[in-house]
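In terms of my numbering, the sequence shown opens at residue 19 and continues consecutively.
Backbone N, C-alpha and C fix where the C-beta goes; we use that ideal spot for every residue, glycine too.
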Amino acid sequence: MSVETNLESMSDLVSLCKRRGFIFQSSEIYGGLGSCWDYGPLGVELKLNVKDKWWKSMTYRDDIDGVDAAIMMHPLVWKASGHVDAFNDPMVDCKECKSRFRADMIDLKAACPECGKSGTFTDIRAFNMMFKTQMGAVEDSASTIYLRPETAQGIFVNFPNIQSTMRRKLPFGIAQIGKAFRNEITPGNFIFRTREFEQMEMQYFIKPGTQREFMAKWKETRWNWHLANGIRAEKLKFSDHPSDKLAHYADAATDIEYEFPIGWGEMEGIHSRTDFDLKQHQEYCGKNLLYVDQADGNKKYLPFVIETSVGCDRTILALLCDAYRVENKSDPDNERVVLKLHPKLAPIKAAILPLVKKGGLPEIAEKIVADLSENYKVEYDDAGSIGKRYRRHDEIGTPLCMTIDFESLNDNSVTFRDRDTMVQERVSIDSIRQVIRDRLKC
Ligand code: GAP
């Protein structure tokens, strides 16, 4: 019986991600760029799988449409949403070492946590977290636009378009996946808090007064989504926002938190946003955004909104942390690092391994690869000993390895090895697709 331990330190995961091609530091050959990360060949597959799973769970149902709004939006959007005036962190600088801190995160009466000097903090200043840029050739305040700090506003401004073109009645939702940018002051912990990240957001438009009911429904739905991705329930918890800590747009909010090696951290926010955003946009754009409720005597009102907002990168971090296991840690001869990712999310679904590079084995393997590649991301791997190849695929979370050996020439079969149990079984080449299908279903 092997003894299994969880990921103990984030640096072990960072190192695996780099070593195996999941995630690299941005612009690494230039020394890197603070808190920006590039997804390598395996990371991008994992990310696409996560987005695909979220997208299908949201839009392959009859009450939610998708949208893909532009990152650059009219600057008034951010005035209306409150981000120009209220998307601020209270900051102080240490006059001695020039380090910057969030004023609410440190004791301002104590010494600077960086240089240890006392009485060196500046007055508290508000620091807006939106990145500004210019649109067009002239650089003046009229041409200032922002990189969006959340994808949600691209949904709100499209509410009238989507409601009318898709002939939607309440309740209905709009879902979007896309990049968001925040000039975070205290980024870090790998991809947990970065300055460029991806969000998967859904706004569910409802009749005012029904927000408690829909909040409860969406909390349950989103919790179950994380469980269906294979995250262990004991590593998840809800954390309600106290009423005095609610964001400017919310009348209730809950986070789904995951227990990272750095402690519990928010992975997803579920917010009851009232009609705050639509009301603001209606005021700033001067257009009528009212919904006409035919089911209620043609009453006109602004819908309320329940928002589910999950970071794609944070989800990936939680999935990687949760999947990372070390077996037999105190026994160097039998130690095994394995990423027990849900097979549906694993970057490579199956590895096809000819035992040697001759004797007709590569030809059989290539034929299997060509056949499976129509539907699955698989990998042909003939480099190194079979043991080393198994270890590599364990570390990148490949659920199935199949070895083509000399027996295969006679019995038209291959040896399947399961990532989690390491159990091996002989499978006829004609049944390979079925075995993969079954493994991906779990
Ligand atoms: N539209 C609501 C909204 O943006 P939020 O709580 O600020 O709410 C939602 O962000 C999610 O986006 C977070 O739960 C987190 O997963 C992700 N997120 C926010 N800031 C992030 C950052 N700097 N780096 C990575 N992910 C971030």
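Thr212 CB to nearest heavy atom of ligand 1 below 7 Å: yes
Validate contact between the segment 213 to 222 and the segment 300 to 319 using beta carbons, cut 8 Å, 3 pairs: no
Cut-off 7 Å between Cβ atoms - residues of its own chain near Ala246, not counting five sequence neighbours on either side: none
Cross-strand partners of Ala271 (DSSP beta bridge): His289
CB of Gly377 within 8 Å of CB of Phe424, strictly: yes
For Phe294, the three-state DSSP class (helix, strand or coil): helix
Rounded straight-line distance, which links the Cα of Phe256 to that of Ala234: 12 Å
Member of Phe145, Glu214, Thr204, Ile224 whose CA lies at the smallest distance from the CA of Ile82: Ile224
Distance cut-off 7 Å: Asp158 Cβ against heavy atoms of ligand 1: no
Host alpha helix (DSSP H) of Gln181 (start-end): 177 to 183
Residue from Gly137, Glu214, Asp86, Glu202 with nearest C-alpha to Ile173: Asp86
Inter-residue Cα distance where the pair is Pro380 and Met440: 23 Å
DSSP three-state assignment for Val344, whether helix, strand or coil: strand
Where Asn67 falls, given that 16 or more other Cβ within 10 Å makes a residue buried: buried
Neighbour-count burial assignment, Glu443, 16 or more Cβ in a 10 Å radius: exposed
With 16 other Cβ atoms within 10 Å as the buried cut-off, status of Cys35: buried
Segment limits, alpha helix (DSSP H) that includes Cys35: 28 to 37
For Val32 and Phe145, believed in contact at Cβ under 8 Å, the rounded distance: Not confirmed; about 28 Å, so no contact.
Collapsed DSSP secondary structure at Asn430 in the structure displayed: coil
Reduced DSSP secondary structure (H/G/I, E/B, other) of Val102: helix
Ile450 vs Ile386 beta-carbon contact at 8 Å: yes
Environment of His289 [buried if 16+ CB atoms lie within 10 Å]: buried
Distance between Tyr276 and Pro260 (C-alpha atoms, nearest Å): 19 Å
Three or more C-beta pairs below 8 Å linking the segment 263 to 273 and the segment 329 to 336: no
Ser327: CB within 7 Å of a non-hydrogen atom of ligand 1: yes
Met285 beta carbon near ligand 1 (any heavy atom closer than 7 Å): yes
Continuous beta strand (DSSP E) stretch holding Gly154: start and end: It is not in any beta strand (DSSP E) - Gly154 carries neither H nor E in the DSSP assignment.
Beta bridge counterpart(s) of Met90 as assigned by DSSP: Leu165
Residues near Pro178 in its chain [Cβ-Cβ closer than 7 Å; skip 5 each side]: Leu307
The segment 60 to 80 in contact with the segment 182 to 189 per 3-pair CB rule at 8 Å: no
Asp311 CB to nearest heavy atom of ligand 1 below 7 Å: no
Whole-number beta carbon distance between Asp125 and Arg118, since they are thought to touch under 8 Å: Wrong, their Cβ atoms sit about 16 Å apart, outside the cutoff.
Extent of the continuous alpha helix (DSSP H) run through Asn67: 59 to 77
8 Å Cβ cutoff met for Leu418 and Arg354: no
Buried versus exposed, by CB contacts within 10 Å (16 or more), Asp70: exposed
When Asp295, Asp351, Phe139, Ala313 are compared against Glu116, the one with the closest alpha-carbon: It is worth fixing the name first, because residue 116 is Lys in this sequence and not Glu. The shortest Cα separation from Lys116 among Asp295, Asp351, Phe139, Ala313 belongs to Phe139.
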